[in-house]
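To start, the structure under review is shown below, and the notes come after it.
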Amino acid sequence: MRTAALRRCLAPVLPAVPRPPSRRLCGRQPGGTETAAAAARKITENAKKSLASLKRENPRLEPTLAIIQARNDHLIQEISKNFAEEVGLRVIHICLPEGSNKDEIINEIMRLNEDPNVQGLALDLPESLCSSKVLNAVKPEKDVDGLSDVNLGRLVRGDAYDCLVPPTVCAVMELLEDLGGKKVLLVGASGAVGAALQCMLQREGATTLSCRWKAPELQTKLNHADVVIVGSTKPDDVPVSWIKPGTTIINCSRDLVSEKQNYGQQNNHAAENAVGSLAIAMRMQNMVKNTERWIQSQQYRKWDLRCLKLQLLSPVPSDIEISRAQSPKAVDVLAKEIGLLTDEVEIYGQTKAKVRLSLLERLKDQPDGKYVLVAGITPTPLGEGKSTVTIGLVQALTAHLNINSFACLRQPSQGPTFGVKGGAAGGGYAQVIPMEEFNLHLTGDIHAITAANNLLAAAIDARILHENTQSDKALYNRLVPVVNGVRGFSAIQLARLRRLGISKTDPGTLTEEEINKFARLDIDPSTITWQRVVDTNDRFLRKITVGQANTEKGFVRQAQFDIAVASEIMAILALTTSLQDMKERLGKMVVANDKKGEPITAEDLGVTGALAVLMKDAIKPTLMQTLEGTPVFVHAGPFANIAHGNSSVLADKIALKLVGEKGFVVTEAGFGADIGMEKFFNIKCRASGLVPSVVVLVATVRALKMHGGGPNVTAGAPLKKEYTEENLQLVADGCCNLQKQIQITQLFGVPVVVALNVFKTDSPAEIDLVCKIAKQSGAFDAVPCDHWSAGGRGAVKLAQAVERAANQKNSFKYLYSLELPIVEKIRIIAQKVYGAQDIELSPTAQSQVDRYTRQGFGNLPICMAKTHLSLSHQPERKGVPTGFILPISDVRASIGAGFIYPLVGTMSTMPGLPTRPCFYDIDLDPITEQVKGLF
256 MRTAALRRCL APVLPAVPRP PSRRLCGRQP GGTETAAAAA RKITENAKKS LASLKRENPR
316 LEPTLAIIQA RNDHLIQEIS KNFAEEVGLR VIHICLPEGS NKDEIINEIM RLNEDPNVQG
376 LALDLPESLC SSKVLNAVKP EKDVDGLSDV NLGRLVRGDA YDCLVPPTVC AVMELLEDLG
436 GKKVLLVGAS GAVGAALQCM LQREGATTLS CRWKAPELQT KLNHADVVIV GSTKPDDVPV
496 SWIKPGTTII NCSRDLVSEK QNYGQQNNHA AENAVGSLAI AMRMQNMVKN TERWIQSQQY
556 RKWDLRCLKL QLLSPVPSDI EISRAQSPKA VDVLAKEIGL LTDEVEIYGQ TKAKVRLSLL
616 ERLKDQPDGK YVLVAGITPT PLGEGKSTVT IGLVQALTAH LNINSFACLR QPSQGPTFGV
676 KGGAAGGGYA QVIPMEEFNL HLTGDIHAIT AANNLLAAAI DARILHENTQ SDKALYNRLV
736 PVVNGVRGFS AIQLARLRRL GISKTDPGTL TEEEINKFAR LDIDPSTITW QRVVDTNDRF
796 LRKITVGQAN TEKGFVRQAQ FDIAVASEIM AILALTTSLQ DMKERLGKMV VANDKKGEPI
856 TAEDLGVTGA LAVLMKDAIK PTLMQTLEGT PVFVHAGPFA NIAHGNSSVL ADKIALKLVG
916 EKGFVVTEAG FGADIGMEKF FNIKCRASGL VPSVVVLVAT VRALKMHGGG PNVTAGAPLK
976 KEYTEENLQL VADGCCNLQK QIQITQLFGV PVVVALNVFK TDSPAEIDLV CKIAKQSGAF
1036 DAVPCDHWSA GGRGAVKLAQ AVERAANQKN SFKYLYSLEL PIVEKIRIIA QKVYGAQDIE
1096 LSPTAQSQVD RYTRQGFGNL PICMAKTHLS LSHQPERKGV PTGFILPISD VRASIGAGFI
1156 YPLVGTMSTM PGLPTRPCFY DIDLDPITEQ VKGLF
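Going by my numbering, the sequence shown opens with residue 256, and the numbers climb by one from there.
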């Protein structure tokens, strides 16, 4: 009859089975070996049924057990393989050389710990190698043998459902029954197995003693024991006559399969070698139990988030002082709190981590949460606090309303950080922390983009030079060289041959004409659109000359630098949906035309794979936290005036899975709703397939006064009195811009909540007036917010309004059909969003439109490059300009990113530094290494 201990060993994986008839203790009469074999068969059968049930629910499940051996024991391998095949498990044996030391074994354990395809790990090692250090190197969640301190601790505490009982211990308990009051002696059974045995035996009411083989009191203890459990090989000088007749002997030494022991005496119930195969069966049973736990770990888990308390001060200190006063949680703790698995997180220091895209596959069946976009009215040059509202909103949702929420923000460029605008971590008591890490370098994504962009730029000029200075034959021989006596095309070269309609794979078989087609791109230098980039505001790089060194043999051309975040690679990072998708997009990037007017791509230059390698880590979103300890993804950072101005699709998709069906993901679109929001809907939502639930439209009394006719607002200059004193007329007049932005939002069929970002100079009457006009203009609600001074608590009413609005009927729609001609799509945006009377294309712009249409790019969405300081193309025209003709000076294409971008008026893609940049105030304390002056 199975003991309660055995049932605990097997629960909860095994289904309930009828109890077998009562049987004798194992021994030579109807022998222990036969009984153990029957038990092993039963356990195997039940494990097989349990695993089959798991596979029915998870068709792609292929649980894998890795077994590390420090010698090549074919017998154990064969038995393990047979049991595993019977159960339905995959087993891999790692046979290290017999002389392997502990460090070599631990290195192999660490490798398998990190292998996501291995769900269980077991060790078949000599006793001398089974140190605590080795056993505890195995991750507890993969510890099939249950020998780590974590598993043993759970066993001792009685956490039967959270631990795995060591297979050898389970096998011993299977072979014993009616232990109450019996004396059980463990000989040579020390370490983890010995501790687990004692624990299980005592639970069954046995009195346990342990002894070493060489102990002087061994004979006395053997003579008084009812059960002897042998944990290691019996020395020859210990006679079996010391064991009293009738004693039950269980051999569970590490050599339990391959070693044969004889304990003599016919009257002893000696279960010789019976534990061996039974223990292996139990190991497979543990593996099935571990597989079930692994499946559970892969499923969505409710958050267990510990929010951080704010110590609010008045007056509100500087942003960096507030950031530094808070102690952030370790990022691995935050990751665990929100349901990320250990192998889905790559730690960067204490407060940042990359999140792997494998999470999307794991949670593919998890319903998405609600999707919220934060946009704004046409801003002043100072910005109106969209990032601050975004952070305040998620702090309110999570820390104060106990609703899972995630903020998804763009990574700031170092251009504005050291220029005028400063950082972009939010402000006051609604920030991402640590703000200096957020604003400086982060995890190096922008540097990766810079490296990839400039590698492609270098490839373009180098290819032109080499084609200009070499014959077809010489060029071909260098492009397809002989390496180690073998000449072959690379994978990307074979792909180019296929695009050219050449089906040959042997470099020696191409004709002269085919060699010419393959080797020469014939790039027209005057059509090159791919520029070099740097993440610094450097106005003197707006126009440069390259190729002036003698080594470039007279190949000189005019070029320019753009700021790094204007690179098409940044736009691709923000819009891609997978590593494969990113690689395909990188290959499609059009960098120039050939002399026949056909597009030249990165794939043609053979650089796609290299670009993907440079971007392989940048594609993973970076996890950080707010001042109140709620999660934030920081990923991608395209500007909204010269690019599409939104954080990444991947960050949003991962966050939507993590928050759960009732949670919220809050992301931000750059500048006003006419720019960032329009591109969010027409470009980002098309790429992602996601549908927003609600738009939060950020306004400030300051910006509304400017639109109402107030004096100019200049960065770095004190505000005029009109902005610091109550002026209801200016506010009322300026609300025309707010009303227009609400109307723009309504074009897309999404509910809008106005968030009035309150400043200390705003009067109650001004605040009430704005909220009243917003509601009258069609906003679902309008809420004043003081999260800057009060943290999440100051945005609770906004969070409640957003929650209500997200439950409203949503009739989301795109503004235009992609099938429309390029010019018509531009016209729709100009008239319906900006309020223009019409558009006017320059000859250059019209020529480009015709070219892109002819090349097959006419069905892409439009990304307008326009000033953010006005609804029109003229920054000085505030409020709601009308009757203007929108000039389109040029039209360019980001084919990899997937959009056409018209340039409105004179748009620069490289900002410049002002007279007094922010860097005057930024410093480093050489003693504390603390950054000063960031804001």
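Don't be surprised by glycine CBs; every beta carbon is placed ideally from N, CA and C. Just so we're clear, the structure is a prediction, and the values are computed from it rather than from any experiment.
- Contact check for F661 and A910: beta-carbon distance about 4 Å, within the 8 Å limit, so the pair qualifies.
- Counting only runs of 3+ residues, the beta strand (DSSP E) found wholly inside the stretch 1007-1043 occupies 1007-1012, 1036-1040, in chain order.
- Excluding its 5 nearest sequence neighbours in each direction, A750 has C-beta neighbours in its own chain below 8 Å: E858, listed in chain order.
- Scanning the stretch 940-977 for uninterrupted beta strand (DSSP E) segments of 3 residues or longer gives 949-954, listed from N- to C-terminal end.
- Counting of Cβ neighbours within 10 angstroms places P966 among the exposed residues, the total staying below 16.
- The count of Cβ pairs closer than 8 Å, one atom from the stretch 979-996 and one from the stretch 958-965, reaches three, so the stretches are in contact.
- Selection C418, G674, K476 evaluated against L440 yields K476 as nearest (Cα-Cα).
- For Q686, the enclosing beta strand (DSSP E) covers residues 685-688.
- Proximity of the stretch 816-835 to the stretch 761-769 falls short of the contact definition, fewer than three beta-carbon pairs being nearer than 8 Å.
- Minimum Cα-Cα distance from P636 among the listed residues I323, V920, L430, P671 corresponds to P671.
- Less than 8 Å separates the beta-carbon of C1040 from that of L1053.
- Residues of the same chain with a CB within less than 6 Å of the CB of A1050, apart from the 5 flanking positions on each side, are G647, L648, A651, C1040, H1042 in chain order.
- Listed in chain order, the non-local C-beta contacts of S386 below 8 Å within the same chain comprise K357, local neighbours out to five positions each way being set aside.
- Boundaries cannot be given for T782, as no beta strand (DSSP E) includes it and DSSP labels it neither H nor E.
- Secondary structure at I577: helix, using DSSP grouped into helix, strand and coil.
- Per the DSSP secondary-structure output, P1142 pairs in a beta bridge with E1095.
- Ranking I575, Y1071, V483 by CA distance to the CA of L1179 puts I575 first.
- Its Cα nearest to that of G892, the residue I704 stands out among V420, I704, T606, A339.
- The DSSP assignment places complete beta strand (DSSP E) segments of no fewer than 3 residues inside the stretch 550-614 at 600-603, 607-610, in order along the chain.
- Counting along the chain, the unbroken alpha helix (DSSP H) around H479 starts and ends at 473-479.
- One Cα belongs to L615, the other to L434, and the distance between them is close to 51 Å.
- Following the DSSP letters along the chain, one finds L464 inside the beta strand (DSSP E) bounded by residues 462-466.
- Looking only at I827, S1102, L959, F1139, the smallest Cα-Cα distance to F1154 is reached by I827.
- When DSSP states are grouped into helix, strand and coil, Q1063 belongs to the coil group.
- Restricting attention to D929, L563, T546, I757, the CA atom closest to the CA of A1085 is found in D929.
- Bridge partners of G681 according to DSSP: Q686.
- As far as DSSP is concerned, T1108 takes part in no beta bridge.
- Within its own chain, the residues whose Cβ lies closer than 6 Å to the Cβ of T1164, once the five positions on either side in sequence are excluded, are D817, A821, I897, listed in chain order.
- Considering only V801, V811, T423, the residue with the shortest C-alpha distance to A450 is T423.
- Following the DSSP letters along the chain, one finds R1171 in no beta strand (DSSP E), marked with neither H nor E.
- Note that the C-beta distance between A630 and L1011 is not below 8 Å.
- In the structure shown, the three-state DSSP call for S1149 is strand.
- The beta carbons of E923 and L618 sit no closer together than 8 Å.
- Using a 10 angstroms sphere on the CB of T1170, the tally of other CB atoms stays under 16, which defines it as exposed.
- Excluding sequence positions up to five before and after A1045, its CB lies within less than 8 Å of the CB of L567, Y684, all in the same chain and listed in chain order.
- Shown here, D793 sits in coil according to DSSP, grouped into three states, outside any helix or strand.
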